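To get the working numbering, take the position in the sequence shown, counting from 1, and add 273.
Glycine included, every Cβ here is placed at the ideal spot set by N, Cα and C.
Predicted model only: the values in this text are computed from it and were never measured.
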Amino acid sequence: MVRTKSIEAEGREIERAAALVKLGARLQLLEAETKLSRERLLRLYKEVHKKSPPKGMLPFSTDWFMSWQPNTHASMFLNIYEYLTKASDLDDVDALVKSYQLYQEQLKVLDLPEVLSITRAWRLVKFVDSGMLTLKPCTKCEGLFVVHTLDLHEHFVCGLCHMPARAGKSAHALASAAAEAAN
Ligand SMILES: [Zn+2]
């Protein structure tokens, strides 16, 4: 019985890792969030992508999430993530996978490029968990956007209401989608 259980648990771990790998997760994410050995994860990665995972450090700065385009994408993802974790009893990893898939579906509908990788999305959730980043409402459109927790938000206006001139067509598509989602 114990043995069956541990085999089941292992199968479940492999399934989760495979889902993350398919979404493009970096090795650091896989090592942190699954119980599989590094060797196994490497093998899994190579099997799916037909190449070795990229080496090098992950970006650890919160600043990336603040520039215009990343912020709109990060905000879209985090709204989905927060909704899912409140509305269901998914654990953190399953919530990450499911939210990221929903984010990708949104992009497809809007015909937008994928700006937020799943590894970035994972970092974002960690930054929120540690209290460095949070969602705050825009004073104009009332949509929730990713901000530094310690900044002042009294007069906060989001990137969609205060759009840079160069933002162009995709930004307007995103803005109207965000407005629709809020209604
Ligand atoms: Zn706004």
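Next on the checklist: Determine whether the beta carbon atoms of Y318 and P326 lie at a separation below 8 Å.
Outcome noted: yes
Checklist entry - Within 7 Å: the Cβ of K409 and any heavy atom of ligand 1? => result no
Checklist entry - Could you give the distance in angstroms between the alpha-carbon of E281 and the alpha-carbon of F350? => result 31 Å
Next on the checklist: Using CA atoms only, rank isn't needed, just tell me which of L406, V321, E387 is closest to S334.
Outcome noted: L406
Item to check | Alpha-carbon spacing of V430 relative to D362, whole angstroms | outcome: 33 Å
Next on the checklist: For a test of the three-state rule: what should DSSP assign to K409, helix, strand or coil?
Outcome noted: strand
Checklist entry - Using a threshold of 7 Å, is the CB atom of V430 nearer than that to any non-hydrogen atom of ligand 1? => result yes
Checklist entry - Helix, strand or coil: which one does DSSP assign to F400? => result helix
Next on the checklist: For ligand 1, is there any heavy atom lying closer than 7 Å to the beta carbon of L433?
Outcome noted: yes
Checklist entry - Less than 7 Å between the CB of G297 and some heavy atom of ligand 1, yes or no? => result no
Checklist entry - Per DSSP, F418 forms a beta bridge with which residues? => result K409
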